[in-house]
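Taking it in order: structure first as structure tokens, then the write-up.
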Amino acid sequence: MPNLHRVLILGGGFAGLVAAQTLKRADVEITLLDKRNFHLFQPLLYQVATGSLSPAEIAAPIRAVLSRQKNVEVLLGEAVDIDPDKKNIILDDGGVFPYDTLIIATGSQTSYYGNDQWRENAPSLKSIEEATRMRHKLLYAFERAERADTEAEERAWLTFVIVGAGATGLELAGALAEIAHHTLKRDFRRIRPQEARIILMEGGPRVLAPYPEDLSAKAEKLVKRLGVEIMLGAFVTNIDADGVSYKHGETSGTVPARTVFWAGGVTTTPFGRKVAERLNAQTDRSGRFKVDPDLALPNRPEIFVLGDLACTSDAKGNPLPGVAQVAIQGGRYAANLIKARLAGRTLPPFKYFDKGDMAVIGRAAAVADVFGVHVSGFIAWCIWLFIHLIYIVEFQSRIIVLIQWGFLYLTFSRTARLITGELSSDTPVPQSRSKAS
Ligand SMILES: Cc1cc2nc3c(=O)[nH]c(=O)nc-3n(C[C@H](O)[C@H](O)[C@H](O)COP(=O)(O)OP(=O)(O)OC[C@H]3O[C@@H](n4cnc5c(N)ncnc54)[C@H](O)[C@@H]3O)c2cc1C
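Structure (structure tokens):
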């Protein structure tokens, strides 16, 4: 029996998973390697961070998703290096995996713009662990405010700063405002959670910068209506356990806050950097690989780079954003090109079909740019709900998420309001309000 063409896919995110599924009927031997055993639906991470969904509702075991696809083997392992001459991928445990065609779809990581020390006090939202840490931090803040000794301390615990007013920042701010104003309204005896300050800090001149200006303005109005304060043109200069320092034009200031969340940009991963170095590949400022119009690396037709790790362009040469649709369509295209090549054919260059963008701002409001039509408010929110539901990988999760959202809509209730993990040791409970006093 002739050896089958070996396709090695690194990463079971949107791009890698769709590539594997598109190769379902192809005469190839696929290995899908991921350092996690699950596919994560990142667009709903903020709902885990804000207690409306549980981690398992937005993640699906990759092995289960592909269990019926006979030509794919799913393996757990972290790729750390590449030997392009021998066509091998090397794992952190020394494992070596050969390929004929390689798809690299290992995504990105959060960028603190060179200030990685801020991560400790300002978690970001990229993984399940980070989302549950955020959930911990935000619920813990209300608990600590309830036991604060002084008014200043209570204020600091009830002040929340979100850095970055892109879609994730707005989604977080909207959800936090609803938690403070509705969900927790009756749960405390000393503090009034609805007096919490939620500040959205952004270095640029408007929220949702990549969106059309009218939608940006709508989003700003919607989030302000929820009681969120917006500080535009504010550049963060420091984040520590006491709060956020910033520069605003010629002035500078500090917001005392015990809870800071980072919703800034993304950058390449250490593995991405290593591959770029080994292949002497061209990358952009964020370390994304510049790929050819067929999504393969220049002079390396056997290596595709997809999704967040790639700097893909539209027909006019403008770089495409790091969003799920770019990853999904890229995964489908690369798989179809592999099939075409094996049949001795080729395909026209990758063409991105832009279905639009959307961001949700609270329980029943969103802004959306759907095929160039700008929608906001309740209708945009319904479109958002529908689209997110159909892209959740497992049918069972879709039903559970729909039920959870129904409850949230009717009652403001967030059932996953659990403080998990160790309580912070760096913020000891004040003695005077402890049980012993
Ligand atoms: C909080 C948040 C909200 C978002 N909201 C939206 C939204 O509303 N709409 C939208 O379109 N997009 C949104 N995005 C962006 C979208 O999720 C990404 O563009 C998309 O996930 C990129 O897909 P990908 O396949 O390139 O990478 P990912 O989905 O990140 O998948 C990468 C996979 O590779 C694995 N991996 C990483 N390194 C290695 C390694 N060294 N070895 C093996 N495996 C590895 C990871 O475990 C992961 O499974 C959001 C992202 C975040 C973080």
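Here the sequence shown stands for residues 472 to 908, where the numbers follow the working numbering.
Glycine residues also receive a C-beta, built at the ideal position from the N, C-alpha and C atoms.
P514 beta carbon near ligand 1 (any heavy atom closer than 7 Å): Within the sequence shown, residue 514 is the residue found at index 43, counting from 1. Yes.
Where the beta strand (DSSP E) containing N709 begins and where it ends: Within the sequence shown, numbered from 1, the residue matching residue 709 stands at position 238. Note, N709: beta strand (DSSP E), A705 to D711.
Whole-Å CB distance - G445 paired with R606, under 8 Å assumed: Past the boundaries of the shown model lies residue 445; the chain is included only from 472 to 908, so the question cannot be answered.
Reduced DSSP secondary structure (H/G/I, E/B, other) of D755: Within the sequence shown, the letter at position 284 stands for residue 755. Correct three-state label for D755: coil.
Where K826 falls, given that 16 or more other Cβ within 10 Å makes a residue buried: One-based indexing of the sequence shown puts residue 826 at position 355. Exposed, by the Cβ-count rule.
Own chain partners of G566 with C-beta closer than 7 Å, once the 5 adjacent residues on each side are dropped: Taking the first residue of the sequence shown as 1, we reach residue 566 at position 95. G548.
Ligand 1 heavy atom lying under 7 Å from the CB of D505: Along the sequence shown, read from residue 1 onward, the residue named residue 505 stands at position 34. Yes - ligand 1 has a heavy atom lying nearer than 7 Å to the Cβ of D505.
C-alpha gap between S868 and E617, whole angstroms: Translated into positions along the sequence shown, residue 868 becomes position 397. Translated into positions along the sequence shown, residue 617 becomes position 146. Approximately 35 Å between the Cα atoms of the pair.
Heavy atom of ligand 1 within 7 Å of H476 beta-carbon: The residue you call residue 476 lines up with position 5 of the sequence shown. The answer is no for H476.
Residue span of the alpha helix (DSSP H) that contains Y517, given as start and end: Looking up residue 517 in the sequence shown gives position 46. Here the alpha helix (DSSP H) through Y517 covers L516 to A520.
At least 3 beta-carbon pairs within less than 8 Å: the stretch 624-634 vs the stretch 642-649: yes
For N807, three-class secondary structure by DSSP: One-based indexing of the sequence shown puts residue 807 at position 336. Here N807 sits in helix by DSSP.
Beta-carbon contacts of F512 that lie in its chain and below 6 Å, excluding the five residues immediately before and after: By one-based count along the sequence shown, residue 512 stands at place 41. Cβ neighbours of F512 beyond the five flanking positions: I529 and I863.
Status (buried if at least 16 other CB within 10 Å, exposed otherwise) for G724: Residue numbering aside, residue 724 sits at position 253 when the sequence shown is read from its first letter. By the neighbour-count rule (16 or more Cβ atoms within 10 Å), G724 is not buried but exposed.
Reduced DSSP secondary structure (H/G/I, E/B, other) of Q540: In the sequence shown, the residue the question calls residue 540 occupies position 69. The answer is coil: DSSP assigns Q540 none of H, G, I, E or B.
Nonlocal neighbours in the same chain, by C-beta distance under 6 Å from W855, ignoring five residues either side: Here residue 855 refers to the residue found at position 384 when the sequence shown is read from its first residue. Excluding residues within five positions, the ones whose Cβ falls inside 6 Å are M829, V831 and A837.
Candidates D658, A839, L860 and T577, of which the one nearest I850 by Cα: Your numbering for residue 850 matches position 379 in the sequence shown. The option with the nearest alpha carbon to I850 is A839.
Straight-line Cα distance separating Q800 from Q902: Residue numbering aside, residue 902 sits at position 431 when the sequence shown is read from its first letter. Residue numbering aside, residue 800 sits at position 329 when the sequence shown is read from its first letter. A caution first: Q902 carries a pLDDT of 48, below 50, which makes its placement in the model unreliable, though a value can still be read off. Going from the Cα of Q902 to the Cα of Q800 covers about 56 Å.
Distance cut-off 7 Å: K909 Cβ against heavy atoms of ligand 1: Coverage of the chain is limited to positions 472 through 908, which leaves residue 909 absent and any answer about it impossible.
Length of the line joining the Cα atoms of K745 and D785: In the sequence shown, counting from the first residue as 1, residue 745 sits at position 274. In the sequence shown, counting from the first residue as 1, residue 785 sits at position 314. Rounded to whole angstroms, K745 to D785 spans 27 Å at the Cα level.
Option in E591, A728 and F732 with minimal Cα separation from G637: Taking the first residue of the sequence shown as 1, we reach residue 637 at position 166. The shortest C-alpha separation from G637 is found at F732.
Cβ-Cβ distance between H859 and P526 below 8 Å: Here residue 859 corresponds to residue number 388 of the sequence shown, with the count starting at 1. Here residue 526 corresponds to residue number 55 of the sequence shown, with the count starting at 1. Contact flag unset, no.
Rounded C-alpha distance that separates E500 from A491: The sequence position of residue 500 within the sequence shown is 29, counting from 1. The sequence position of residue 491 within the sequence shown is 20, counting from 1. Their Cα atoms are separated by approximately 10 Å.
Straight-line Cα distance separating F821 from A806: The residue given as residue 806 occupies position 335 in the sequence shown. The residue given as residue 821 occupies position 350 in the sequence shown. Going from the Cα of A806 to the Cα of F821 covers about 12 Å.
Beta-carbon proximity check, A623 vs A520, cutoff 8 Å: Translated into the one-based positions of the sequence shown, residue 623 becomes position 152. Translated into the one-based positions of the sequence shown, residue 520 becomes position 49. Cβ atoms of A623 and A520: not closer than 8 Å.
Unbroken alpha helix (DSSP H) run spanning W733, endpoints: Here residue 733 refers to the residue found at position 262 of the sequence shown. Note, W733: premise wrong, no alpha helix (DSSP H); beta strand (DSSP E) at T730 to W733.
Distance, A835 Cα to E700 Cα: As a position in the sequence shown, residue 700 is number 229, starting the count at 1. As a position in the sequence shown, residue 835 is number 364, starting the count at 1. Answer to the nearest angstrom: the Cα atoms are 19 Å apart.
D498 Cβ short of 7 Å to ligand 1 heavy atom set: For the purposes of this step, residue 498 is taken as residue 27 along the sequence shown, with counting starting at 1. Result no, Cβ not under 7 Å from ligand 1.
Residue ranges of each alpha helix (DSSP H) within the stretch 847-883, 4 or longer: 849-862 and 866-882
Contact check, T783 vs S757, beta carbons under 8 Å: Here the question's residue 783 lines up with position 312 in the sequence shown. Here the question's residue 757 lines up with position 286 in the sequence shown. Their beta carbons are not under 8 Å apart, which means T783 does not touch S757 by this criterion.
L481 CB to nearest heavy atom of ligand 1 below 7 Å: Counting from one through the sequence shown, the residue named residue 481 turns up at place 10. Checking the Cβ of L481 against ligand 1 gives yes.
CA-to-CA distance, L524 to Q875, given in whole angstroms: Taking the sequence shown and counting its residues from 1, one reaches residue 875 at position 404. Taking the sequence shown and counting its residues from 1, one reaches residue 524 at position 53. Computed Cα separation, rounded: 7 Å.
Proximity test, G522 beta-carbon vs ligand 1 heavy atom, cut-off 7 Å: Here the question's residue 522 lines up with position 51 in the sequence shown. Outside the cutoff, so no.
Helix, strand or coil at L475 [DSSP, three-state]: Reading the sequence shown from its first residue, position 4 is the one you call residue 475. L475 falls in the coil class under three-state DSSP.
Cα-Cα separation, Y570 to N474: Here residue 570 refers to the residue found at position 99 when the sequence shown is read from its first residue. Here residue 474 refers to the residue found at position 3 when the sequence shown is read from its first residue. Going from the Cα of Y570 to the Cα of N474 covers about 12 Å.
C-alpha distance - V478 paired with I574, whole-angstrom precision: Reading the sequence shown from its first residue, position 7 is the one you call residue 478. Reading the sequence shown from its first residue, position 103 is the one you call residue 574. Going by the C-alpha atoms only, they are around 7 Å apart.
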